[in-house]
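As structure tokens, the structure follows; a few thoughts come after it.
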Amino acid sequence: MTSPKQVSDFYDVYTHVLLSSWDVNFHYGYWLSDDEPVAVAVRRMTDVLIDLLALRPGERMLDVGCGIGEPALRLASQVDADITGVSINLGQVLEANRRADAASVSARIRFEEADALELPYRDGNFDAVWAFESLLHMDRDRALREIRRVLRPGGRLVIADLLQRAPLSPDHREAFDDALTKFALSALPTVDDYRALIGEAGLVLDQVIDVSEHTRPTMRHLAAGVRARRTELVERHGEAARQLIDVLLHPVADLPEYGYILVSAHRP
0 MTSPKQVSDF YDVYTHVLLS SWDVNFHYGY WLSDDEPVAV AVRRMTDVLI
50 DLLALRPGER MLDVGCGIGE PALRLASQVD ADITGVSINL GQVLEANRRA
100 DAASVSARIR FEEADALELP YRDGNFDAVW AFESLLHMDR DRALREIRRV
150 LRPGGRLVIA DLLQRAPLSP DHREAFDDAL TKFALSALPT VDDYRALIGE
200 AGLVLDQVID VSEHTRPTMR HLAAGVRARR TELVERHGEA ARQLIDVLLH
250 PVADLPEYGY ILVSAHRP
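Residue numbers (numbering that gives the first Met the number 0): 0 to 267.
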């Protein structure tokens, strides 16, 4: 299991890798065709989550694991709601707030440094929560119970997460476990795991959607980006960047045994 410090240290380096090699949206893309630009695919994924969350004007929303805030800023541009984002990494929080100021939306969107397993908010504070590729760094059971606590009764949750679709072959297990460690990831859940986790957290499952076929091009595009910037990134960020890039360029980063899941639930 990863610790908050491990996750924060990881993003001290990986934030720079993504900004130089990927996009300001630190998440997988939703592709309709393999040759679409990364920027189109990642924004489409944000829009898929926005549609699932169905945030209404005036509601209070929490972004758990906000990165540098781009998905939440896109949401704020579409819905006049009160949005709070949290990250364990202070650098990301500072950059997210800078972006909110630049977009002139800081009056209704704010980003704060906080541990998602110990959220500094009162019970029932939020109408909606999303966890956009953030639970993969956490103890999902603890995180979901904490999310339930800060959701009001009837409040909605949307999750985007990596998924274990089939058992890994023994040939890949060692490299995959090494990737989990270097990327500060928890073990990947199956669909059945998620159904159980949602129920055990006191939430009601609404939808489970496997979108793996639409996210599959992500790792190929990301590998191309980091391959082109590898020398520059290693010169600037050293051994830590080299290790992350080596994982991204390894075949284990793009195995069909894992995929991508969208989950929606609510607090009864």
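Yeah, the Cβ is synthetic: ideal placement off N, Cα and C, and Gly gets one too.
Quick caveat: nothing in here was measured; it's all calculated off a predicted structure.
By DSSP, does residue i sit in helix, in strand, or in coil?
{"i": "Phe9", "result": "helix"}
{"i": "Gly224", "result": "helix"}
{"i": "Asp253", "result": "helix"}
{"i": "Ser2", "result": "coil"}
{"i": "Ala283", "result": "As shown, the chain starts at 0 and ends at 267. That puts residue 283 outside it, with no answer to give."}
{"i": "His26", "result": "coil"}
{"i": "Ala240", "result": "helix"}
{"i": "Leu48", "result": "helix"}
{"i": "Ser32", "result": "coil"}
Going by other Cβ atoms of all chains shown within 10 Å of its Cβ, with 16 needed for buried, is residue i buried or exposed?
{"i": "Glu199", "result": "exposed"}
{"i": "Pro36", "result": "exposed"}
{"i": "Gly237", "result": "exposed"}
{"i": "Ser106", "result": "First, the amino acid is wrong: residue 106 is Ala here, not Ser. That one is exposed."}
{"i": "Ser86", "result": "buried"}
{"i": "Met60", "result": "buried"}
{"i": "Pro152", "result": "exposed"}
{"i": "Val16", "result": "buried"}
{"i": "Ser7", "result": "buried"}
{"i": "Leu18", "result": "exposed"}
{"i": "Gly57", "result": "exposed"}
{"i": "Met44", "result": "buried"}
{"i": "Asp126", "result": "buried"}
{"i": "Pro70", "result": "buried"}
{"i": "Ala38", "result": "exposed"}
{"i": "Ala94", "result": "The sequence as given places Glu at residue 94; Ala does not occur at that position. The residue is buried, with at least 16 neighbouring Cβ atoms inside 10 Å."}
{"i": "Gly154", "result": "buried"}
{"i": "Arg121", "result": "exposed"}
{"i": "Asp140", "result": "exposed"}
{"i": "Gly258", "result": "buried"}
{"i": "Thr217", "result": "buried"}
{"i": "Ala165", "result": "exposed"}
Could you tell me which residues DSSP puts in a beta bridge with residue i?
{"i": "Gln91", "result": "Beta-bridge pairing links Gln91 to no other residue."}
{"i": "Asp62", "result": "Gly84 and Trp129"}
{"i": "Leu162", "result": "Gly258"}
{"i": "Ile108", "result": "Ile82"}
{"i": "Arg168", "result": "Sequence check: residue 168 is Ser here, not Arg. BP columns for Ser168 are empty, so no partner."}
{"i": "Ala102", "result": "Partner(s): none; Ala102 has no beta bridge."}
{"i": "Ala264", "result": "Leu156 and Leu204"}
query = Quick check: the segment 125-136 against the segment 101-113, are there 3 or more CB pairs under 8 Å?
reply = No: fewer than three Cβ pairs fall under 8 Å.
inquiry  = Report the start-end ranges of each alpha helix (DSSP H) in the segment 112-154 that is 4 residues or longer and not cut off at the edges.
reply    = Unbroken alpha helix (DSSP H) runs of no fewer than 4 residues, entirely contained in the segment 112-154, are found at 139-149, following chain order.
request  = Any chance you could list the beta strand (DSSP E) runs of at least 3 consecutive residues sitting entirely within the segment 177-231, in chain order?
outcome  = Runs found: 203-209.
key: the segment 17-26 touching the segment 248-260, judged by at least three CB pairs closer than 8 Å   = Output reads no: the segment 248-260 does not touch the segment 17-26.
inquiry  = For the structure I just gave you, are there three or more beta carbon pairs, one from the segment 26-34 and one from the segment 51-59, closer than 8 Å?
reply    = Output reads no: the segment 51-59 does not touch the segment 26-34.
request  = Decide if the segment 64-71 is in contact with the segment 216-233; the criterion is three or more beta carbon pairs, one per stretch, under 8 Å apart.
outcome  = A contact between stretches requires three or more CB pairs, one per stretch, nearer than 8 Å, and the segment 64-71 fails this requirement with the segment 216-233.
query = Quick check: the segment 136-148 against the segment 70-79, are there 3 or more CB pairs under 8 Å?
reply = When Cβ pairs closer than 8 Å are counted between the two stretches, the segment 136-148 is seen not to touch the segment 70-79, the count staying below three.
message = So, does the segment 171-188 touch the segment 205-215, judging by three or more C-beta pairs under 8 Å?
response = No, the segment 171-188 is not in contact with the segment 205-215.
ask   = If we count Cβ pairs, one from each stretch, closer than 8 Å, do we get three or more for the segment 89-98 versus the segment 115-124?
value = With the cut-off at 8 Å, the segment 89-98 and the segment 115-124 do not touch.
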